[in-house]
Each structure stands twice: as C-alpha cells, then as structure tokens.
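Student: Mind looking over this structure? Questions follow.
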Amino acid sequence: MTSVKDSKYGKALVATSHIKAGEDIFTLNGEIASEPSVYSIQISENEHVNTDGNLRFANHKCRSANAAFDFTTVPWVLKAVRNIEPNEFISFDYNTTEYKISSTFDCICDSNECRGKALGFHYLSDDEKADMVAKGLCSPALQKLFLNEK
C-alpha cells in the first residue's frame, strides 16, 4: 500500500499489488481518544482510534467499496471484499464504523445508489440501519447504539 495525492479524493490509499478477496489489508491500530477526529474510527460509544499509517487515507464509498472491517477480530482488520487490482484506491463505507461523522462531506463514490453525503450511521434510514445490523455490516458499537435508539 501507498498513499498518493489525487485530484478527486485528495490523499488516497492505493494498492501497490494484487489483493485477493478476503485478504487482510490493515489492522486497526492507534491511540484511543474520547473525541472523534477526521482520521479516527469509532470503536465504542465514546472511544475512537486515531488511525496511524496509511489506513487514514482509505477513502469512503457508499455502495461499491472494495474493503470492509472484520468486526469479529480484536483489533479489527480491514479486509478486501473483492479482488483489488494494483493502482486501485482502497475504500470502505465510513457509515459502518461512525455513528456521527465528525467531519461530514459530500460523497463522490459515483455509485448509482450513492447516499450523497457521508454523515454517519445515525443518519441512515431505519430500514438501512436494521439491514446493516442484521447482516453484521456495522461495528458492534453501532449495533449497540442502534438498539438504544429503539
């Protein structure tokens, strides 16, 4: 992996070699903080890991992301959900880890089902949240927060 400057995404994480579906890409590491930052990943209601290294440059995609966190491991591992080619940007859905994104932004994922903005799990429809929880696509922290919404 390497990070590059990109006119569309800003700084981006790029595969330098072929990555097979199911392969580990990154392990979530970093200092734990009580407040979110633009590069943090929420691990509990009030804890956020300030990501270190190139993981912080993995981009957001609503629907066509090529990676997702495996929430069954400790620490969490970002895995390829499909084969990733060299020079392809690494992306995951930020709504799977963030209840309310600290620095919201317009999504530019170009998916036909793009949500338009990256705001966080809290702002998804109840049906979409319930579906993500049922399929284990969001973190345990978000699952717990969702159940507390009811």
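In my numbering, the protein residues as written are 1180 to 1329.
Built from N, CA and C at the ideal position, the CB exists for glycine as well.
1) CB I1263 to CB I1198, shorter than 7 Å?
2) Output the distance between the C-alpha atoms of E1328 and S1196, rounded to the nearest integer angstrom.
3) In terms of alpha-carbon separation, which member of G1299, I1220, V1193 and L1303 lies closest to P1254?
4) State yes or no: is the beta carbon of E1202 nearer than 7 Å to at least one beta carbon in chain B?
5) Taking the alpha helix (DSSP H) that F1325 falls in, what are its first and last residues?
6) Is it buried or exposed, K1308, if we count other Cβ atoms within 10 angstroms and call 16 or more buried?
7) Who are the near neighbours of G1261 in its chain, counting only those whose CB is closer than 6 Å to its CB and skipping five residues on each side?
8) Answer with buried or exposed for T1275, where buried requires no fewer than 16 other C-beta atoms within 10 angstroms of its C-beta.
9) Where do the ends of the beta strand (DSSP E) carrying A1200 lie?
10) Taking D1185 and A1194 to be in contact with their CB atoms under 8 Å, please state how far apart those CB atoms are, rounded to whole angstroms.
11) Taking its Cβ as the centre, do 16 or more other Cβ atoms sit within 10 Å of I1222, making it buried, or is it exposed?
12) Could you tell me the alpha carbon to alpha carbon distance between T1251 and K1296, rounded to whole angstroms?
13) Leaving out the 5 sequence neighbours to the left and right, which residues in its chain are closer than 6 Å to C1293 when beta-carbon positions are compared?
14) Taking E1307 as part of the alpha helix (DSSP H), name the residues at either end of that continuous run.
15) Within the continuous beta strand (DSSP E) that includes L1257, where are the two ends?
Tutor: From the atom records:
1) Your numbering for residue 1263 matches position 84 in the sequence shown. Your numbering for residue 1198 matches position 19 in the sequence shown. The Cβ atoms of I1263 and I1198 sit closer than 7 Å to each other.
2) Looking up residue 1328 in the sequence shown gives position 149. Looking up residue 1196 in the sequence shown gives position 17. Each residue's alpha carbon lies about 42 Å from the other.
3) To locate residue 1254, count along the sequence shown from 1; it is residue 75. Distances from the alpha-carbon of P1254 to those of G1299, I1220, V1193 and L1303 put I1220 closest.
4) Of the protein chains in this structure there is only one, and it is not chain B.
5) Counting from 1 along the sequence shown, the entry for residue 1325 is found at position 146. Unbroken alpha helix (DSSP H) run through F1325: P1319 to E1328.
6) To locate residue 1308, count along the sequence shown from 1; it is residue 129. Taking a 10 Å sphere around the C-beta of K1308, we find 16 or more other C-beta atoms and assign the residue as buried.
7) Sequence index remark: in the sequence shown, residue 1261 carries index 82 (1-based). Correcting the residue identity first, residue 1261 is Arg in this sequence and not Gly. In its chain, beyond the 5 residues on either side, A1200 and N1245 have a beta carbon closer than 6 Å to the beta carbon of R1261.
8) On the sequence shown, position 96 is the one that residue 1275 refers to. T1275 sits buried, since 16 or more C-beta atoms from the chains shown fall within 10 Å of its C-beta.
9) On the sequence shown, residue 1200 is found 21 positions in, with the first residue counted as 1. Unbroken run through A1200: none, as it is neither H nor E.
10) Within the sequence shown, numbered from 1, the residue matching residue 1185 stands at position 6. Within the sequence shown, numbered from 1, the residue matching residue 1194 stands at position 15. Not quite, the Cβ-Cβ distance comes to about 14 Å (not below 8 Å), so this is no contact.
11) Along the sequence shown, read from residue 1 onward, the residue named residue 1222 stands at position 43. Answer is buried; the Cβ neighbour count reaches 16.
12) Locating residue 1251 in the sequence shown gives position 72, where the first residue counts as 1. Locating residue 1296 in the sequence shown gives position 117, where the first residue counts as 1. Their backbone Cα atoms lie some 28 Å apart in a straight line.
13) By 1-based counting over the sequence shown, the position of residue 1293 is 114. Setting aside the 5 residues that flank it on each side, C1293 is surrounded in the same chain by C1241 and C1286, each with a C-beta closer than 6 Å to its C-beta; the list follows chain order.
14) Translated into the one-based positions of the sequence shown, residue 1307 becomes position 128. Looking at the DSSP string, the run of the alpha helix (DSSP H) that includes E1307 is D1305 to A1313.
15) Working through the sequence shown from its first residue, we reach residue 1257 at position 78. Secondary structure note for L1257: its beta strand (DSSP E) is the uninterrupted segment V1256 to A1259.
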